[in-house]
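Asks:
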Amino acid sequence: MSGDYSVDAVVVAGGAWSAVIAQQLGLTLSLQGGKGYSFMLRNVPNNVRVPAIMLEARATATPMGTDLRFAGTLEVSGTDMTVNMNRVRGIVQSINKYYPDISVDMPAVDKVWRGLRPCSPDGLPYIGRTEHYDNVVLATGHGMMGLSLGPATGKLVSELLDDSVRSMDIAAFKPERFA
Ligand SMILES: Cc1cc2nc3c(=O)[nH]c(=O)nc-3n(C[C@H](O)[C@H](O)[C@H](O)COP(=O)(O)OP(=O)(O)OC[C@H]3O[C@@H](n4cnc5c(N)ncnc54)[C@H](O)[C@@H]3O)c2cc1C
């Protein structure tokens with residue numbers, strides 16, 4: 412989308428790309444993409460029944476019916492979306508340690524999903540109005556927890572835009588805290 416638009420307010424919620432968007436507004440946002448990968452095994456005989464976090468390997472196993480999804484790693488990568496198969500190999504090798512009965516080969520590169528977690532230096536999100544513009548609200552930087560924290564963030568953003576009473580103190584999420 413391009414062109415000039417007249418708006419009442421702008422919400423910057425561009426995930427790992429938020430720093431690039433913020434830059435266009437003259438704001439410096441300390442933010443990095445933390446790339447993670449996932450891939451799916453199809454029709455797993457005797458599939459596992461309990462989702463698990465393989466803590467030491469920093470990977471997860473999530474059964475979905477007869478399929479099994481493995482995900483993990485956090486690669487500091489800016490906004491680079493290329494697939495690093497060495498990272499994927501790390502997940503595959505850890506699976507064999509936790510699930511010796513499940514045979515896992517390296518997936519083809521086009522079967523690997525990757526996503527960028529928007530990571531701030533202190534692990535806290537950026538939620539709030541900016542000092543520069545009173546009609547710009549940031550809602551980003553949720554790192555590994557953005558899906559879980561989405562509803563609460565949405566509520567806070569609506570309260571900010573309405574200028575209504577905040578459900579909680581959001582001082583710790585101040586967008587300019589590293590400026
Ligand atoms: C492997 C993996 C596992 C994860 N597991 C979990 C989990 O179990 N629980 C959990 O809570 N979180 C999890 N996360 C983290 C979660 O995915 C992120 O925190 C969340 O997606 C961040 O949401 P967001 O809306 O801020 O950014 P995104 O989901 O990245 O959305 C940002 C959107 O903005 C768009 N955009 C960027 N630039 C522009 C532009 N200039 N104009 C218009 N649109 C633009 C992008 O295309 C994108 O669609 C996981 C992440 C990964 C990678």
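Each position in the sequence shown, counted from 1, maps to that position plus 411 in the numbering used here.
We put the beta carbon where it would ideally sit given N, CA and C, even for glycine.
This structure is a prediction, so every number in the text was calculated from the model and none was measured.
Cα separation between E486 and M556?
Replies: 16 Å
Asks: Quick one: Cα of V548 to Cα of R525, how far?
Replies: 27 Å
Asks: Please list, in chain order, all residues of the same chain as C530 whose beta carbon is under 6 Å from its beta carbon, the five residues on each side excluded.
Replies: Q443, G445 and G554
Asks: How about M555: is its Cβ closer than 6 Å to a heavy atom in ligand 1?
Replies: yes
Asks: Measuring alpha carbon to alpha carbon, tell me which residue in L466, L452 and I464 is nearest R480.
Replies: L452
Asks: Report the option in S429, D574 and A550 whose CA atom is closest to the CA atom of G489.
Replies: S429
Asks: Across which residues does DSSP place A430 in a beta bridge pair?
Replies: In the DSSP output, where bridge partners are listed per residue, A430 has none listed.
Asks: Consider the C-beta atom of R528 and the heavy atoms of ligand 3; say whether any pair is separated by less than 6 Å.
Replies: As presented, the structure is devoid of ligand 3, carrying ligand 1 as its sole ligands.
Asks: Spatial neighbours of G425 within its chain, please: CB distance less than 6 Å, with the 5 preceding and 5 following residues excluded, ordered by chain position.
Replies: So the list reads I432, once near-sequence residues are dropped.
Asks: To the nearest angstrom, how far is it from the Cα of G437 to the Cα of S514?
Replies: 51 Å
Asks: Which ranges does the beta strand (DSSP E) cover as unbroken runs of at least 3 residues, wholly within the region 446–488, from first to last along the chain?
Replies: 463–465, 470–475 and 478–487
Asks: Mapping DSSP to helix, strand and coil, what is T564?
Replies: helix
Asks: Taking DSSP's pairing of strands, which residues face G526 in a bridge?
Replies: Bridge partners of G526: G447.
Asks: Can you give me the Cβ contacts of I421 inside the same chain, cut-off strictly under 6 Å, excluding the 5 residues immediately before and after it?
Replies: Correcting the residue identity first, residue 421 is Val in this sequence and not Ile. Contacts found: V547.
Asks: Tell me the rounded alpha-carbon separation between D491 and N497.
Replies: For D491 and N497, the distance between alpha carbons rounds to 15 Å.
Asks: May I ask you to check if the CB of A563 is nearer than 6 Å to at least one heavy atom of ligand 1?
Replies: no
Asks: Which same chain residues end up closer than 7 Å to I581 when comparing Cβ atoms and leaving out the 5 residues on each side of it in sequence?
Replies: In the same chain as I581, and ignoring 5 residues on each side of it, the C-beta atoms closer than 7 Å to its own belong to I538, G539 and L567, in chain order.
Asks: Is any non-hydrogen atom of ligand 1 found closer than 6 Å to the C-beta of T551, if you look at the structure I gave you?
Replies: It does: the Cβ of T551 is within 6 Å (strictly closer) of some heavy atom of ligand 1.
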